[in-house]
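Scroll down for the structure; my scribbles are underneath it.
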Amino acid sequence: MTTPVPPTTPPTAPADQPGQVVIAPAQNIPAAPSAPQVPAGWADPYAGQVPAAPQFTQPAPARRPSPADMPARRPAPQDDDGDGWDSDPAPRQRARSRGRARDDYDTDGLDGDDGGREPLPRSVQNLVGRLRDENAGHRVRARDASDRYDALVSTMAEALDLDPTDITPDSVTEILGTAADEARQSHLERHAGRAAFRAGADVDGLLDSGKFTAKLDKLDPFSEDFAEKVNDLVADFLDENPRFALSPAGQGQAPAPVPARSSADMPGGAGNPQLITEADLDHMSPEEINTARLNGELDHLL
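Residue numbers (this note's numbering): 127 to 428.
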C-alpha cells in the first residue's frame with residue numbers, strides 16, 4: 127500500500143526591504159522532456175551522428191517574356207461589305223451578350239447556336255444560284271452537241287459505206303481530202319479535154335503526158351480566168367509538141383466525113399439527128415469526147 131505524500135507548502139517570501147530584490151520561488155515548473163530511450167536490445171541507427179542541416183533551393187528569378195515569345199496575333203476581322211456578317215463577329219457576340227442569340231435555322235425550333243449551319247449572305251446565295259444555272263445550261267448544250275455529233279457520224283457512215291465506229295476525225299479528214307483531190311483532178315481533166323478537142327489535139331495522148339498534166343495541176347480550177355488559162359496551156363503545149371496534134375499544122379486537111387446516122391441515133395425521127403451540145407461536153411469523159419470527135423459528132427461545134 128502506497129502512503130500518500132502530504133502537500134508541501136511553499137515558503138513565504140520575506141517582507142520587502144528597501145534595496146533588496148526578492149526572487150519568487152518556482153512553482154511546480156515541469157522539467158524538459160528527456161530524449162526517448164531505446165529499449166534494451168535495440169540498436170540506435172543514428173547513434174553518434176550529427177543531424178544534417180536542411181537544404182533549401184533558391185528559385186530562379188522570374189524573366190519577363192520577350193516579343194518573340196508572344197504568340198502571333200491574328201488580324202482583326204473586317205466587315206468588308208457592311209452587312210455585319212462576312213467576317214465581323216461583333217454583331218453575333220453582342221446578340222449573345224444581350225441574351226438574343228440569332229436563330230441558326232435548325233430543326234429544333236429553338237433560337238441559339240447548337241452547332242447548326244447558318245445561311246450564307248444573300249450576295250453569296252445569289253452567286254451560287256447563278257453558277258448553278260450556268261452549269262445547267264452547259265450540261266444542256268453539251269448534251270445537244272453530243273446528239274448532233276452522233277447524228278452527223280451516222281449520216282457520214284451511211285454515205286461513205288463505213289461502220290460508225292470507224293468514223294474518227296482523222297479518218298474523216300483523210301476521206302474528205304481524197305474526195306477533194308479527185309474532184310479537182312476530174313475538173314481539170316474535163317476542161318483540158320474540151321480545150322484539146324477544140325485545138326485539134328489528141329485528148330488521150332495529151333492527158334497521158336506527164337509534162338502536160340504537171341503544168342495543168344498548177345492551175346487554180348476555181349479562178350475566174352481558169353478556162354482561158356487552160357486554152358492557152360493547150361495551145362502552147364501543142365506548139366512545143368506538135369506530135370500531139372491529130373493533123374499536121376498548116377496542111378489544111380479536111381475533116382473526116384461524117385458517117386451516116388442510123389434511125390437509132392435520131393430520137394426525133396428521120397431528119398432530126400441528136401447533136402452534142404456544149405452542155406453535154408461538161409458531162410462527158412475525155413475518152414467519150416475523143417470518140418465523138420473521131421466519129422464526127424462534134425464537127426458542128428468546131
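Ideal Cβ placement from N, Cα and C applies to all residues, glycine included. It should be emphasised that the depicted structure is a prediction, and the values quoted were computed from it without experimental measurement.
{"query": "Residue nearest to Lys344 in terms of C-alpha spacing, selected from Glu350, Lys355, Pro290, Ala188", "result": "Lys355"}
{"query": "First and last residue of the uninterrupted alpha helix (DSSP H) at Asp351", "result": "First-last for Asp351: undefined, no H or E at that position."}
{"query": "Cβ separation of Phe338 and Phe363, assumed to be a contact under 8 Å, to the nearest whole Å", "result": "5 Å"}
{"query": "Residue(s) in a DSSP beta bridge with Ala371", "result": "Ala327"}
{"query": "Sequence-distant residues of its chain with Cβ nearer than 8 Å to Gln377 (five each side left out)", "result": "For Gln377, the predicted structure reports a pLDDT of 37, less than 50, and the residue's modelled location is therefore unreliable. The matter cannot be settled from this model."}
{"query": "Touch test, the region 310-326 against the region 275-283, Cβ-Cβ under 8 Å, three pairs minimum", "result": "no"}
{"query": "Status (buried if at least 16 other CB within 10 Å, exposed otherwise) for Val254", "result": "exposed"}
{"query": "His264 - DSSP class collapsed to helix/strand/coil", "result": "helix"}
{"query": "Residue of Gly326, Leu257, Arg189 minimising C-alpha distance to Asp365", "result": "Gly326"}
{"query": "Coarse secondary structure for Thr403, derived from DSSP in three states", "result": "coil"}
{"query": "Helix, strand or coil at Asp343 according to DSSP, with G and I counted as helix", "result": "helix"}
{"query": "Beta-carbon spacing of Asp328, Ala371 below 9 Å", "result": "yes"}
{"query": "Nearest-angstrom beta carbon gap, Leu333 and Glu315 [assumed within contact, 8 Å]", "result": "6 Å"}
{"query": "Three-state secondary structure assigned by DSSP to Thr417", "result": "helix"}
{"query": "Pair within 9 Å by beta-carbon distance, Arg310 and Pro368", "result": "no"}
{"query": "Reduced DSSP secondary structure (H/G/I, E/B, other) of Pro290", "result": "helix"}
{"query": "DSSP-derived helix/strand/coil call for His409", "result": "coil"}
{"query": "Residues of its chain near Leu424, where Cβ-Cβ distance is below 7 Å and the 5 sequence neighbours each way are ignored", "result": "Phe323, Ile402, Ala418"}
{"query": "Residues near Phe352 by beta carbon distance below 8 Å, same chain, minus five either side", "result": "His317, Leu345, Asp346"}
{"query": "Span separating the alpha-carbon of Lys341 from that of Ser335", "result": "10 Å"}
{"query": "Helix, strand or coil at Arg189 [DSSP, three-state]", "result": "coil"}
{"query": "Reduced DSSP secondary structure (H/G/I, E/B, other) of Ser335", "result": "coil"}
{"query": "Close-in-space but distant-in-sequence residues of the same chain around Asn357 (CB under 6 Å, 5 per side omitted)", "result": "Ala321"}
{"query": "Contact set for Pro412: own chain, Cβ-Cβ below 7 Å, skip 5 residues either direction", "result": "Glu315, Gly319, Val329, Asp330, Leu333"}
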